[in-house]
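Working notes, structure below.
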Amino acid sequence: MNVLPWRKWLRLLIIYALCGMVLFWALAPIYWVIVSSVSTRAELYSAPYKVWFPSAPTLQNYVDLFTTGPRYRDGGFLPTADLMGAGMRNSLIYSLATAAAVTIMSTLSGYIFARMRFRLKGIIFFLFMLMMPLPIWVSLIALYFIMSQVGLIDNLLGLILITTTLLLPLNIWLMTTYIRDLPQEIEDAAFVDGCGRWALIARIIIPLARPGMTAVFLVALLSAWNSFLVPLIFSNTARSQPMTVVLSFFIGQYEVAWEAMSAAAVMTMLPPMLLALFFQRYLVRGLTVGAITGN
């Protein structure tokens with residue numbers, strides 16, 4: 000039997016130790032939130048701290064979220080069940096509409112930049128790419144002024160428009176790269192057979208680019224669902240606030256309802272976690288789209 004030299008054993012030990020540290024750093028907060036969601040308030044505030052292994056797990060925190068529950072000042076003193084219902088509904092509408100808008104606009108823009116020829120195309124594409132590294136707060140002041148002038152503050156449509164604008168540069172680049180690598184011969188043959196531009200996009204480009212479009216949709220959906228800063232600034236009431244903002248209502252002036260906030264956090268992170276778990280193949284493909292040479 001081959002015996003690894005001690006240097007290889009040491010290298011493997013260091014690699015596994017680093018991987019273990021990274022995993023612990025990433026998973027410990029998630030474990031803490033899940034455990035806290037099934038713990039009582041007495042355990043969460045106990046000394047010594049014992050929440051890592053609750054002695055009497057309970058689902059009452061989840062029951063309280065969707066029955067009556069307490070009322071919170073920042074939530075307009077609405078019952079927790081109303082806050083959760085409105086937050087989940089707003090998150091669903093906000094993320095799905097944003098993902099659909101980003102997918103459609105980035106696919107059409109990607110086709111234009113990848114296939115069509117027009118003046119200043121390179122400059123326009125460069126300006127789009129220039130927006131990618133800019134911090135989000137750079138444009139928030141101007142966007143807030145514009146949204147207030149058109150009456151879209153505290154409005155789901157305003158949140159969708161702003162988030163779509165912020166997500167477009169990256170996804171336009173992804174779809175431009177993807178469509179540019181598709182075989183040109185199929186499109187040329189379609190043009191020869193008399194296929195129009197829109198028919199070409201509908202019958203050839205979209206079917207060929209469907210994996211890339213799926214990746215863009217999922218990335219945009221997860222980005223919108225997890226967005227916090229934009230909804231926090233542009234939504235003021237439960238009318239338009241998604242779950243990421245609703246979670247902050249459990250932080251009061253004198254105390255934090257850790258058990259209720261943890262249960263709400265688990266409910267909030269379940270959809271994106273399940274989505275990423277079942278569609279990770281498309282997500283990985285979207286993030287490595289630059290290496291795709293055709294489909």
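Numbering-wise, numbering that gives the first Met the number 0 puts 0 at position 1 of the sequence shown, and it's gapless, one number per residue.
Idealized CB from N, CA, C, for every residue including glycine.
Residue 276 has its alpha-carbon roughly 25 angstroms from the corresponding atom of residue 176. DSSP, read as helix, strand or coil, puts residue 250 in strand. Separation of the CB atoms of residue 237 and residue 85 is rounded to 5 angstroms, and the pair is thereby assigned contact status at 8 angstroms. When secondary structure is reduced to three states using DSSP, residue 78 falls in the strand class. By the Cβ neighbour-count rule, residue 257 is buried, with 16 or more other Cβ atoms within 10 Å of its own. A contact between stretches requires three or more CB pairs, one per stretch, nearer than 8 angstroms, and the stretch 102 to 120 meets this requirement with the stretch 157 to 173. Bridge partners of residue 283 according to DSSP: none are assigned.
For residue 143, the enclosing alpha helix (DSSP H) starts and ends at 136 to 148. Under the three-pair Cβ rule at 8 angstroms, the stretch 30 to 39 counts as touching the stretch 49 to 67.
Taking the Cα positions, residue 202 is about 15 angstroms away from residue 184. Shown here, residue 101 sits in a helix according to DSSP, grouped into three states. Counting other Cβ atoms within 10 Å of its Cβ, residue 115 stays below 16 and is therefore classed as exposed. Remark: three or more beta-carbon pairs, one from each stretch, lie closer than 8 angstroms, so the stretch 215 to 235 and the stretch 154 to 167 are flagged as touching. Put simply, the stretch 89 to 97 touches the stretch 236 to 250. At least three CB pairs are less than 8 angstroms apart. For the pair residue 271 and residue 225, the CB atoms are nearer than the 8 angstroms cut-off.
Rounded to the nearest angstrom, the Cβ distance from residue 235 to residue 153 is 4 angstroms, consistent with a contact under 8 angstroms. Annotation for residue 267: 242 place their beta carbon closer than 6 angstroms to its own, counting only its chain and skipping 5 residues before and after. Counted as a single uninterrupted DSSP element, the stretch harbouring residue 51 is not any alpha helix (DSSP H), since DSSP gives it neither H nor E. With fewer than 16 neighbouring CB atoms inside 10 Å of its own CB, residue 20 falls in the exposed class. Sixteen is the threshold: since fewer than 16 other Cβ atoms of the shown chains lie within 10 Å of the Cβ of residue 129, the residue is exposed.
For residue 37, the three-state secondary structure derived from DSSP is coil. Within the same chain, and ignoring the five residues on either side of residue 151 in sequence, the residues whose Cβ sits closer than 6 angstroms to its Cβ are 157. Residue burial annotation: residue 82 is buried, with at least 16 other C-beta atoms found within 10 angstroms of its C-beta.
For residue 218, no pairing in a beta bridge is given by DSSP.
Looking at 188, 7 and 109, the one whose alpha-carbon comes closest to that of residue 167 is 109.
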